[in-house]
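S.K.:
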Amino acid sequence: MFELLFKYPAAMFQKGEFVFGRSWPVWLLIAAALAAAAYAGTVAWRARARWSVVPYTPVQRWLRPAILGALGWASIAVLLLMLWQPALSVSSLKPRQNVVAVVVDSSKSMALPGQGTTRIAQARNLLDSGLLADLKARYPVRIYAAGADATRVETPSAIEPVAPVTRLGNSLSQVAAESATLPIGAIVLLTDGSDNARGFDRAALSALKQARIPVHAIGFGPETLPPDIEMLNAGAPARALPGSRIPIVVRIRHSGFDQRQLKLTASSEGKPLATRQITLPASGQLAAENITITAGKAGAMNVQISVEPLGGELSPANNSQSVLVQVEDRKPRILYFEGEPRWELKFIRRAAEEDKTLELASLLRTTQNKFYRQGIASPAELVNGFPSTVEEIFSYDGLIIGSVEAGAFTPTQLSLIKAFADRRGGGVLFLGGRTALSEGAWHTTDVAEMLPVSLSGRKDTFSRNPVKAELTQQGVLHDLTRLDDSPSSNAARWRALPPIADFQQSGPPKPAALVLLEAASAQGRQPLLAVQPFGRGRVALLSTGGTWKWQMLMDARDQSHESFWKQMLRWLVSESRPRIAARVSESVLNDAESLRIDAEVFDPNFLPTSEATVEARITQPGGETALATLQPDPIRPGRYTADFRALAPGAYVAQLSARLGDTEFARDELMFRRQDGVAEAFHPEQDRPLLEHLASQTGGKYWTPATARDLPKEIEFSEAGLSVRELHDLWDSPFAFLLLIGLKAAEWLLRRRWGAV
Amino acid sequence: MKLRHAIAAVVLIALAATAVLAFQRGGGRRGFRVFQDSDEPLVLPSDANEKNEFNFARLRYTNVRASGMWAARGSWSVDYPKADRQFLMGVRRLTRLNTHSIETVVDLHSDEIFNHPFVYVVEPGHWNLSGTEAAKLREYVERGGFLMTDDFHGTYSWGNFMASLSRAFPDKSVTDIPNDDPIFHVVYGLQDRFQVPGIVNYPFQQTHEYDGFESRWRAVRDSKGRIVVAICHNMDLGDAWEWADHPEYPEKYASLAYRIGINYILYAMTH
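If you're matching them up, the sequences are chains A and B in order. Residues in the first sequence are numbered consecutively from 136, following the working numbering. Residues in the second sequence are numbered consecutively from 68, following the working numbering.
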């Protein structure tokens, strides 16, 4: 109907440009239209006398001449428009001289069900049922199978859904690149849009746009998630200490399995490490679940997180994800400085002795003139008391300041405590006590800046009245306060703990602080355990010296006190890094090969340095090594980066070294892994938004298999390849004449009806 | 007549009993004359109600036999409370430990003992722990408690002591503490020690009681090698604390007793 009225298909109007065939100036048209309007207005004004008497209402007296005047003017305007000969200027492909590239997705996801059959079968059927013949009737056609890249095939039947990965951007860029030697007029892409690169990169899209090749995308597969459970991702810390708890967060989506209970399992090398029962939310809602495992020995720990498959799932292959955790071969050291003999030190030491992954050195002021040192590595360690040099204090990874007044430190030592977190990236824990925090005048020092609370500065803040530690909402899920993986069991265990021996009021939490425990005292609930980042490190405040009651007043078999302190000590040191700290953009590459290696490099004062030579020696799965030189970032001092391509699946080990001249001053090691054949199992539904975006950005159109029969006609209008721009008259279209006749007929009928003839 | 005879018999029996008791502990009759307790009751220090980090807890236990001059109040209370309070004065003066000024008496019948990770036991040669008490003592130690024993002498007392101790720790052995153990160095270097006598040894020409000729420094350790029961056998630190202010009690014994006590407390608070 559209074509009957307007002479040309709608696609031509979408692609074309509206122009006038006459070379007369447009201003003349506008002037003539205005003159016509003035004439019509004058005629109407004169005619108004006819309706200016009873029985006509005032509205009728104005409205009727105005409508008749407007209709008269519209007729003249349409006539004037036709005199200027409006036309469409459209680029169209020269028949038989342009190639149309038909690109069919050959990835494994095309073997998933579409509408009654597999997606690939549906695509083949569509091509064989006339689409390909129609295209071939107009243009030479080239057929490609698209996996990681595009491969030319002779017929659609030669395409099998076996490619382990889809890289639509790569494939289309490759086809577009052929336009340099081949007049490619358009690309017809048959796919489910399941691109493992999760969208087109800018370069691929830019190449297509530059070649002006419209991509007409035909989408296959359901647009919403079919009945399936899919683990979208799993996140874990890249590094962990041997024996430490590793929290893993997974996100799961599903369709059709509302409120179903299933088992979430973390395993490594086939051995289950942890299991949890979870309940799926309503369809469409994301489930975020936690599971905690214990790190093994030093080395790479490949952890598989999976949910058990349920009957009726589209594909059980997307029920699991992998994370790679590097269990570090280092033994962090923590210095605990206690200003007076306290039971807390004994029981913290006992908890630390249970943990073979770290060392706790303690310095206790026993008398006015004596320190008692424990856990020292050499007779000289701490022999002069608390460290007063950068080298000395930065040799530790964590710091605990007990009940000791600020005045016991020199200004240099106070600035070192601050630098320890800020520059060194260490963790600092401040304990409450008789001479701690405000009682010890810490609020008068710069160190107060690093505390997660604003110290009140009041005296009499310390009390030996027992108070109960209460878990906050933030504390329920935090690693520091997790005594049990289940949030409800964790809360129950905290409720079961006896009151702590003492409590010191500190002050209100700062904006960046997380309050994990509160003390339920007579003054209300106040921060007991609060944490916050500071510089490159982290700071915690535990406003008591009385957690030892959790040990003495609980059954000897209860491990709450030990667990809390082991987690606290590990938390203190988990972010501390050597003078070179490296990381990769992704530790597990699922059907991908590109990754970025980043490193931060520091001088002996832990200030960023860009003077170093940083290299990564990467041992690849086959045993061969590759050398990557990391380049310093021109903007961020101390940052170095290198791009690397993991060409083969398997495990990679990168050993980084930082040198100044010929002297190596720091080393680090990291691991990553590439695994193929995984990504295709994910995102099983059609990615229609991606295909629509691709089509609209390139000047093409999104099609469904049902509408694709019109594609051969529309494909003609393209600026790519060998095209010609033509003018198509519009003035002689049936619509224009019908409009003119319609306007005059309407005017005549109204005049008749209103008695104006 | 009969009444006079009866009164005379009672007086004789009382005199005889007193004489036997006086000679029972090394024949120190002169010690009793010189080191007599003041008739004035001890006055509570003004800060006795303060709450402090450290409480000197004294264990009240069941006696193995109910005889002797301590039968009425129990062997656990020997030197109590003057020794405790006088010792704590020294602890306050010599260390940074925030200690309560008076002792706290605990037993193995209630859970109060778990609030005190350091417990002092005097005359454990007379204790007789029931199975329940022994189990609680073991639980106390396993949670992190520390037991210090003092003032029992010779083979007989040792046997009694071990009978009850073995009930609590059937799988543990008692070993001598070597001189280089941290317990002898945590505050004071105590590698050179000597026997600390009780007042019954006045005028201290000899320092032992019964056949406890040599002081023995022994311990029960936990699985990590930490001392959890420190056994001071054949010495009387409690008397040294109690009579440290007495001109007749030699300063060197009092000084060593204070140092040992302080070291043991600080060890208990750091290990």
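Beta carbons are placed, not taken as given, at the ideal position from N, Cα and C, and that holds for glycine.
Roughly how far, in whole angstroms, is the beta-carbon of A/M217 from the beta-carbon of A/W866, given that I think they are within contact range, below 8 Å?
M.R.: Here the question's residue 217 of chain A lines up with position 82 in the first sequence. Here the question's residue 866 of chain A lines up with position 731 in the first sequence. 4 Å between Cβ atoms; contact.
S.K.: Considering B/T222, what are the terminal residues of the alpha helix (DSSP H) in which it resides?
M.R.: Here residue 222 of chain B refers to the residue found at position 155 when the second sequence is read from its first residue. That run of the alpha helix (DSSP H) goes G221 to A235.
S.K.: Relative to chain A, which residues along the stretch 190–210 of chain B have a C-beta separation below 8 Å, given in chain order?
M.R.: Correct list: E206, E209 and R210.
S.K.: How about A/Y143 and A/H863: do their beta carbons lie closer than 7 Å?
M.R.: Looking up residue 143 of chain A in the first sequence gives position 8. Looking up residue 863 of chain A in the first sequence gives position 728. Yes, they are a contact pair.
S.K.: Excluding the 5 residues preceding and the 5 following A/E882 in the sequence, name in chain order all residues of the same chain whose CB lies nearer than 8 Å to its CB.
M.R.: Translated into the one-based positions of the first sequence, residue 882 of chain A becomes position 747. Contacts found: L203, L206, G207 and S210.
S.K.: Quick one: list the residues of chain A neighbouring B/H338, beta-carbon separation under 7 Å, in chain order.
M.R.: Here residue 338 of chain B refers to the residue found at position 271 when the second sequence is read from its first residue. Those within 7 Å of B/H338 in chain A are K481.
S.K.: List the endpoints of the continuous beta strand (DSSP E) containing A/G354.
M.R.: Your numbering for residue 354 of chain A matches position 219 in the first sequence. Taken as a continuous stretch (DSSP letters only), the beta strand (DSSP E) holding A/G354 covers V350 to G354.
S.K.: Can you tell me which of the three DSSP states B/R92 falls into?
M.R.: Numbered from 1 along the second sequence, position 25 holds the residue referred to as residue 92 of chain B. Residue placement at B/R92 is flagged as unreliable, the pLDDT there being 43, under the threshold of 50; a coordinate-derived value is accordingly withheld.
S.K.: If we ignore side chains and look at the alpha-carbon of each, how far apart do A/V438 and A/P784 end up?
M.R.: Counted from its first residue, the first sequence places residue 438 of chain A at position 303. Counted from its first residue, the first sequence places residue 784 of chain A at position 649. Each residue's alpha carbon lies about 17 Å from the other.
S.K.: Does the distance from the C-beta atom of A/T400 to that of A/S441 stay below 7 Å?
M.R.: Counted from its first residue, the first sequence places residue 400 of chain A at position 265. Counted from its first residue, the first sequence places residue 441 of chain A at position 306. Result yes, Cβ atoms of A/T400 and A/S441 sit closer than 7 Å.
S.K.: Since A/G356 contacts A/E820 with CB under 8 Å, what's their CB separation in whole angstroms?
M.R.: Within the first sequence, numbered from 1, the residue matching residue 356 of chain A stands at position 221. Within the first sequence, numbered from 1, the residue matching residue 820 of chain A stands at position 685. Confirmed, Cβ separation roughly 6 Å.
S.K.: So B/P184 contacts chain E; which residues on that side make the cut at Cβ distance below 8 Å?
M.R.: Reference to chain E is not applicable here, since the protein chains of this structure are A and B.
S.K.: With DSSP as the reference, identify every bridge partner of A/F817, one or two as the case may be.
M.R.: Mapped onto the first sequence, residue 817 of chain A falls at position 682. A/F817 is not bridged to any residue.
S.K.: Run the CB neighbour count on B/Y325, radius 10 Å, all protein chains shown included, and call it buried at 16 or more, exposed below.
M.R.: Start at 1 with the first residue of the second sequence, and residue 325 of chain B comes out as number 258. Answer is buried; the Cβ neighbour count reaches 16.
S.K.: Tell me where the beta strand (DSSP E) around A/A321 begins and ends.
M.R.: Working through the first sequence from its first residue, we reach residue 321 of chain A at position 186. Note, A/A321: beta strand (DSSP E), I319 to T326.
S.K.: How far does the alpha helix (DSSP H) with A/D269 in it extend, from its first residue to its last?
M.R.: As a position in the first sequence, residue 269 of chain A is number 134, starting the count at 1. It spans L267 to R273 - the alpha helix (DSSP H) in which A/D269 sits, taken as one unbroken run.
S.K.: In chain A, what lies closer than 7 Å to B/N165 by C-beta?
M.R.: Residue 165 of chain B sits at position 98 when you count from the first residue of the second sequence. Within chain A, the residues near B/N165 are E475 and R569.
S.K.: Give the residues from the stretch 497–531 of chain A that approach chain B closer than 9 Å (Cβ to any Cβ), ordered along the chain.
M.R.: Listed by position along the chain: S497, L499, R500, T501, T502, Q503, K505, Y507 and Q509.
S.K.: Spell out whether any CB of chain B is found under 7 Å from the CB atom of A/A691.
M.R.: The residue given as residue 691 of chain A occupies position 556 in the first sequence. So, interface residue.
S.K.: How about B/K118: is its C-beta nearer than 7 Å to some C-beta of chain A?
M.R.: Position 51 of the second sequence, counting from 1, holds the residue named residue 118 of chain B. So yes, B/K118 belongs to the interface.
S.K.: Sorted by chain position, which residues of the same chain lie with C-beta nearer than 7 Å to A/G282's C-beta, five sequence neighbours on each side aside?
M.R.: Locating residue 282 of chain A in the first sequence gives position 147, counting from the first residue. Cβ neighbours of A/G282 beyond the five flanking positions: S241, S242, A298, V300 and T301.
S.K.: Between the stretch 554–566 of chain A and the stretch 612–623 of chain A, do three or more beta carbon pairs fall short of 8 Å?
M.R.: No, the stretch 554–566 of chain A is not in contact with the stretch 612–623 of chain A.
S.K.: Taking 7 Å as the CB-CB cut-off, is B/V253 touching chain A?
M.R.: Here the question's residue 253 of chain B lines up with position 186 in the second sequence. So, interface residue.
S.K.: Between the C-alpha atoms of A/A631 and A/P601, what's the straight-line distance to the nearest angstrom?
M.R.: Residue numbering aside, residue 631 of chain A sits at position 496 when the first sequence is read from its first letter. Residue numbering aside, residue 601 of chain A sits at position 466 when the first sequence is read from its first letter. Looking at the two C-alpha atoms, the distance is approximately 15 Å.
S.K.: Given this structure, state the Cα-to-Cα distance separating A/E728 from A/A777, to the nearest angstrom.
M.R.: Along the first sequence, one-based indexing puts residue 728 of chain A at 593. Along the first sequence, one-based indexing puts residue 777 of chain A at 642. Cα to Cα, the separation comes out at about 14 Å.
S.K.: In this structure, does DSSP put B/I250 in helix, strand or coil?
M.R.: The count along the second sequence starts at 1 and reaches residue 250 of chain B at position 183. B/I250 falls in the helix class under three-state DSSP.
S.K.: By how many angstroms is the C-alpha of A/M806 removed from the C-alpha of A/A786?
M.R.: Indexing the first sequence from 1 puts residue 786 of chain A at position 651. Indexing the first sequence from 1 puts residue 806 of chain A at position 671. Roughly 7 Å separates the two Cα atoms.
S.K.: Can you grab the Cα-Cα spacing for the pair A/Y775 / A/A556, in whole Å?
M.R.: As a working mapping, residue 775 of chain A is identified with position 640 in the first sequence. As a working mapping, residue 556 of chain A is identified with position 421 in the first sequence. Rounded to the nearest angstrom, the two C-alpha atoms are 22 Å apart.
S.K.: Helix, strand or coil, according to DSSP, for A/S455 in the structure here?
M.R.: Working through the first sequence from its first residue, we reach residue 455 of chain A at position 320. Correct three-state label for A/S455: strand.
S.K.: Under 7 Å between C-beta atoms, does A/R808 make it to chain B?
M.R.: Mapped onto the first sequence, residue 808 of chain A falls at position 673. Not an interface residue.
S.K.: In this structure, how does DSSP classify B/G305 when only helix, strand and coil are distinguished?
M.R.: Along the second sequence, one-based indexing puts residue 305 of chain B at 238. Three-state DSSP puts B/G305 in a helix.
S.K.: Using DSSP bridges, identify the partner residues of A/V239.
M.R.: Walking along the first sequence from the start, residue 239 of chain A turns up at place 104. Answer by DSSP bridge pairing, in chain order: A/A280 and A/L325.
S.K.: Mind listing the chain B neighbours of A/E488? Cutoff is C-beta to C-beta under 8 Å, in chain order.
M.R.: Residue mapping note: residue 488 of chain A aligns to position 353 of the first sequence, counting from 1. Within 8 Å Cβ-Cβ: K291.
S.K.: By alpha-carbon positions, which one of A/A168, A/T545, A/M147 and A/A293 ends up nearest to A/V225?
M.R.: Stepping through the first sequence from its first residue, residue 225 of chain A is reached at position 90. It is A/M147 whose Cα lies nearest to the Cα of A/V225.
S.K.: Where does B/I244 fall in DSSP's three states?
M.R.: Start at 1 with the first residue of the second sequence, and residue 244 of chain B comes out as number 177. In this structure, B/I244 counts as coil in the three-state DSSP scheme.
S.K.: Give a yes or no on whether the minimum CB-CB distance between B/F271 and chain A is below 7 Å.
M.R.: Taking the second sequence and counting its residues from 1, one reaches residue 271 of chain B at position 204. Chain A, which has no Cβ nearer than 7 Å to the Cβ of B/F271, makes this no.
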